[in-house]
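Please read the structure below before turning to the comments.
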Amino acid sequence: MSGVRLAAVDLGAGSGRVMVGRVGPGTLDLTEVHRFANEPVRVAGTLHWDILALHRGVLDGLRAAGPVTSVGIDSWAVDYGLLDASGALLGNPVHYRDTRTDGVAERTAKHLGEGRLYATTGLQHLPFNTLYQLAAAAGTPQLQAARRLLLIPDLIGYWLTGEVGAEITNASTTQLYDLRRRAWATDLMVDAGIRPELFPPLREPGTRIGPVLPELGLPGEPDVVAVGSHDTASAVVGVPASGANFAYVSCGTWSLVGVELDTPVLTEESRRANFTNETGVDGTIRYLRNVMGLWLLQESVRVWGGSDLPDLLRRAAREPAFRSVVDPDDPVFLPPGDMPARIADACRRAGEPVPATPAATVRCILDSLALAHRRAVRQAQELSGRHVDAVHVVGGGARNALLCQLTADACGLPVLAGPVEATALGNVLVQARAAGVVDGDLAALRALLRETQRIVRYEPRGDEAAWAAAQDRMGG
Ligand code: ADP
Ligand code: LRH
């Protein structure tokens, strides 16, 4: 094979991993070389990412990867580290689930104008957008001392290469990026009291960031190449769709549910439905909604002391359907905590039966997530005018056969599940194109995915009336 070995660093909210992709004409395979926990740490009341542990995981993974042509880094969105004038990190990055932004988003959006914010940035209102995190940190000595703000993948890239920059797909999640001008929204920054000089120059996916610093001692000193550094941007590259009439659910800690468009949808209806226009690879728009996702299940399993997930899912499959449904997007579910208790409370408030066992709670979560997927797939079509024939489920959720089947049933559409590691594959494909071993547009990259990756098809099993009734109970 005339191909290359490429390393994908993918930092998820649940775990980080380093994967090696081998790519060439007709070839695409991926091997996990290192996986490490991503465990947030609460210090003095604030929830932080353990960024140095993550960086160590990245270095261990890159050593285990052996010689590669290049390295691409992606992670969850919105969060950042601040550097002082010498380039040193000022404190640990704060987790987007920290409560410091409580109430800040409403106040800031009102001050800047909700219509203006949406017209400029196209972003949905999420309490933890970088704009609101910076508003919450206004006046702190740390922010005053800061000279640079680097989003998480750009921070890891800086530690690997010494080069600063901001990759655009992730920059587009800050609510400080002008999506039509494809530039930082400096007017907005100034009006929000945020110093524009904190933000480094923007970079496009596929551009070379620089060679890995020799002192890191990594095999072959590969180049670091910018990829869709927002994990969801890489995941959407990794959706093995043919044609344009597809919806995707990038299903991990979050379910990111939407369609891929050429132009943003900035209507008032879209803003009110809280749909986002994030910048994708190759100038695409990721028109989607954040659904609370498998976070509900992850947190429940944590509270139950790490129960066996496959066994829980088997038991949940035997539970009656739709006994209890909740709206997964209720903000009460956002912070870490006792998720089963919160689900029980939400059921009580809505007059739904309270799940009596872990299996019943899991069934409630999965029925409710499938309903939220249905709601978002339908709204995405209505608001964008894009017709959808199939729903692609990628990410860890593609392993959850019950959720995939329920999503097919709820949407009344076939679900094509896989790849599980779509994000790492999207990361590797953008590097492979930059290295010149594959070429073409996203459709060509996706054709290679269809040729090489395992995809499982779930047919919808009907009973639209039952799903519609359950949807009414959930709301929306
Ligand atoms: P992130 O990148 O946000 O950390 P992932 O895409 O890795 O998330 O997905 C993690 C989720 O995948 C877990 O929360 C879990 O619900 C699901 N998952 C992982 N393995 C399995 C499995 N064997 N069966 C069912 N679900 C699984
Ligand atoms: C998923 C994700 C999502 C963001 C959230 C903060 O990992 O990047 O797209 O909204 O994390």
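Residue numbers for the sequence shown follow UniProt numbering, beginning at 1 and rising by one.
Glycine included, C-beta positions come from ideal geometry on N, C-alpha and C.
Please read all numbers here as calculations on a predicted model, not as lab measurements.
Report task. List the DSSP bridge partners of F246. Result -> According to DSSP, F246 bridges with A390.
Report task. Just tell me which of T31, V33, L52 has its CA closest to the CA of P40. Result -> Nearest C-alpha to P40 among T31, V33, L52: L52.
Query raised in the report: By how many angstroms is the C-alpha of G351 removed from the C-alpha of G426?
Result: One Cα belongs to G426, the other to G351, and the distance between them is close to 43 Å.
Query raised in the report: DSSP on L11, reduced to helix/strand/coil?
Result: In the structure shown, L11 adopts extended strand secondary structure according to DSSP, grouped into three states.
Query raised in the report: Buried or exposed: which applies to N245, given that a residue is buried once 16 or more other Cβ atoms fall within 10 Å of its Cβ?
Result: In the assembly as shown, N245 is an exposed residue. Its beta-carbon has fewer than 16 other beta-carbons within 10 Å.
Report task. Whole angstroms is fine: what's the gap from E197's alpha carbon to A136's? Result -> Between E197 and A136, the C-alpha separation is close to 19 Å.
Query raised in the report: Is it a yes or a no for the region 211-219 touching the region 309-322, going by three-plus beta-carbon pairs under 8 Å?
Result: Contact between the region 211-219 and the region 309-322 is absent: fewer than three C-beta pairs spanning the two stretches fall below 8 Å.
Query - I51, enclosing alpha helix (DSSP H) - first and last residue - result: Taken as a continuous stretch (DSSP letters only), the alpha helix (DSSP H) holding I51 covers 51-65.
Query raised in the report: Who are W184's beta bridge partners in DSSP?
Result: In DSSP, W184 forms a bridge with Y177.
Query raised in the report: Helix, strand or coil for M292 per DSSP?
Result: Note: M292 maps to coil in three-state DSSP.
Report task. Verify whether the separation of the beta carbon atoms of P219 and P67 is less than 9 Å. Result -> Yes, Cβ-Cβ distance for P219 and P67 is below 9 Å.
Query raised in the report: Relative to the ligand LRH, what is the chain-ordered list of residues with a Cβ closer than 7 Å to any of its non-hydrogen atoms?
Result: Result: G12, A13, W76, A77, V78, Y96, L126, F128, T173, H230, D231, T232, G252, T253, W254, L256, N290.
Query - Selection from G412, G14, W159, A44 that minimises the alpha carbon distance to Q298 - result: Per the Cα distances, G14.
Report task. Would you list the residues sitting across from P211 in a DSSP beta bridge? Result -> Paired residues: D223.
Report task. With DSSP collapsed to three states, give me the class of A235. Result -> Of the three classes helix, strand and coil, the one that applies to A235 here is helix, per DSSP.
Query raised in the report: Would you report the Cα separation of L149 and R203, rounded to the nearest angstrom?
Result: The alpha-carbon separation between L149 and R203 amounts to approximately 15 Å.
Query raised in the report: Smallest Cα separation from S172: which of A85, D79, D102, A138?
Result: Measuring from the Cα of S172, the nearest candidate turns out to be D79.
Query raised in the report: If we ignore side chains and look at the alpha-carbon of each, how far apart do L28 and T267 end up?
Result: Between L28 and T267, the C-alpha separation is close to 39 Å.
Report task. Could I get the ranges of all uninterrupted alpha helix (DSSP H) runs contained in the region 276-358, with 4 residues as the minimum, in chain order? Result -> 295-303, 309-317, 339-350, all fully within the region 276-358.
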